[in-house]
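Comments concern the structure below.
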Amino acid sequence: MLKIENLYMKYNKTPVVKGISLTVAPGEIHGLIGENSAGKTTLIKCAVGIYMPDEGTITYDDLPIYDNPVAKCKVGYVADSCPYIEGYSIKKTVKMYECFYDKFDKERFNHFNAVFQLPVNKSISSLSKGQKMKLTFMLEVAKNPEYLVLDEPTSGLDPVAKKQFFDFLIQEVEERNIGVLISSHNLASLESLCDSITMVHEGQVERQLSMEEMKSELTRLNVVIEGGAPKAVYEMPEIMKISNVGSIYTIVVKDYNESIAEKLCKNGASFMEAMDVSLEELFVILEENREKNVDKNQYMA
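If you count the sequence shown from 1, you need to add 9 to reach our numbering.
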């Protein structure tokens, strides 16, 4: 199991990661989401042993990752940029991996490349960003790791390549029971992939739930209120967002229950349909409400 416990990290005395803890079990895909500069990439670089955290521990199957080759052999890392020698060809880079990693499987690399079709005799410098991301994924998975840590792994990929990438990722989890920690702004894909989610804000864990719990936190209601919604509806504390086109209202509420439905009916709702919100919609609504609260507090100050 990957365990990150009470992790702290600072840049130039400025805290970037503030006491984050999370776990990733074998066979689990765990999503890491948050706004830009939330601390996700710093957390990931600590998780793969690039950075030594100021406080806290990171272990893989109870082995500390930092400065530990045995633990690092358990981990495949796909960064949002290509880390390889630009003047090397793909073929030469594969040979380098064969020298460095005892479990590297060239046949597996070739199996992936039969789909991605990268030109193995070309230099890495001649590849597009999307091709470089494919190369990184193939090389890291061909190491036969027990865990994969992915930071914006679909950056630069076209829609077809993204589907191929996620199909391969799911296949790895199902066939080899690997644990996956993935950070991405592609929330629609994470929603269909992940078993659990950690949402970070300003370096701290804001929410940490299973995907089902995350999706049930907010509910979208399609409501008909003839003649317009009264002020009492807009003042309901459970409502996170409300908009309308004529008499048809879209209302997003927190922790939906019968009491909320009764309040809306008392205030003129003649029809009501409850639907799940997407992970992306959840993220956007929470961010919008956070900004509203900041503006409100500044006004009150």
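Cβ atoms here follow ideal geometry from the backbone N, Cα and C, with glycine treated the same way.
Predicted model, so just to flag it, every value in this text is computed and none were measured.
- Under the 8 Å Cβ criterion, the region 187-206 does not count as touching the region 228-244, having fewer than three qualifying pairs.
- Relative to the Cα of Glu296, the nearest Cα in the group Ala238, Glu215 and Ser268 belongs to Glu215.
- Between Gly212 and Val25, the CB-CB gap stays under 8 Å.
- Between the C-alpha atoms of Val57 and Gly165 there is a straight-line separation of about 22 Å.
- Counting along the chain, Pro168 sits inside no beta strand (DSSP E); it lies in the alpha helix (DSSP H) bounded by residues Pro168 to Arg185.
- Distance from Phe121 to Val150 at the Cβ level is roughly 7 Å; contact confirmed, criterion being Cβ atoms closer than 8 Å.
- Our two residues, Asn266 and Ala283, have alpha carbons roughly 10 Å apart in a direct line.
- One thing to note: Pro92 has its Cβ no nearer than 8 Å to the Cβ of Gly188.
- The region 94-113 makes contact with the region 140-156; the number of CB pairs closer than 8 Å reaches 3 or more.
- Counting along the chain, no alpha helix (DSSP H) covers Thr163, and no H or E run does either.
- In the DSSP assignment, Ser225 falls within the alpha helix (DSSP H) that extends over Met220 to Ser225.
- Annotation for Met208: the continuous beta strand (DSSP E) segment containing it runs Ser205 to His210.
- As the crow flies, the alpha-carbon of Leu52 is around 27 Å from that of Asp167.
- Pairing Gly48 with Tyr17 gives a Cβ-Cβ distance that is not under 8 Å.
- Straight-line measurement puts the Cα of Ile179 at about 11 Å from the Cα of Lys172.
- The beta carbon of Asn276 sits closer than 6 Å to the beta carbons of Pro239, Ala241 and Val242 from its chain, once the five residues preceding and following it are set aside; these are given in chain order.
- Contact annotation, Ser192 with Leu41: C-beta distance approximately 4 Å; criterion of less than 8 Å satisfied.
- Contact between Ser252 and Glu235 does not hold, since their C-beta atoms are separated by about 17 Å, which reaches or exceeds 8 Å.
- For the set Met10, Leu144, Gly139 and Val262, the Cα lying nearest the Cα of Asn130 is the one of Leu144.
- For the region 78-136, the full-length alpha helix (DSSP H) segments reaching 4 residues or more read 78-81, 99-109 and 115-125 along the chain.
- DSSP, read as helix, strand or coil, puts Gly43 in strand.
- A residue is called buried once 16 or more other Cβ atoms fall within 10 Å of its Cβ, and Val261 is buried on that count.
- In this structure Ile38 is not in contact with Cys55, their Cβ atoms being roughly 20 Å apart against a cut-off of 8 Å.
- Excluding the 5 residues flanking it on each side, Leu31 has same chain C-beta neighbours closer than 6 Å at Ile13 and Thr207, in chain order.
- Its Cα nearest to that of Glu221, the residue Leu288 stands out among Leu288, Lys263, Ala123 and Asn298.
- Annotated three-state conformation of Met284 is strand, per DSSP.
- A direct Cα-Cα distance of roughly 19 Å separates Phe113 from Phe125.
- Distance from the CA of Arg299 to the CA of Phe118, rounded to the nearest whole angstrom, comes to 45 Å.
- By the C-beta density criterion, Thr163 is buried, having at least 16 other C-beta atoms within 10 angstroms.
- By the criterion of a C-beta distance shorter than 6 Å, Ser219 is surrounded in its chain by Ser205, once the five residues flanking it on both sides are discounted.
- Residue range Lys138 to Ala151 is occupied by the alpha helix (DSSP H) that includes Gly139.
- With fewer than 16 other beta carbons inside 10 angstroms of its own, Tyr20 counts as exposed.
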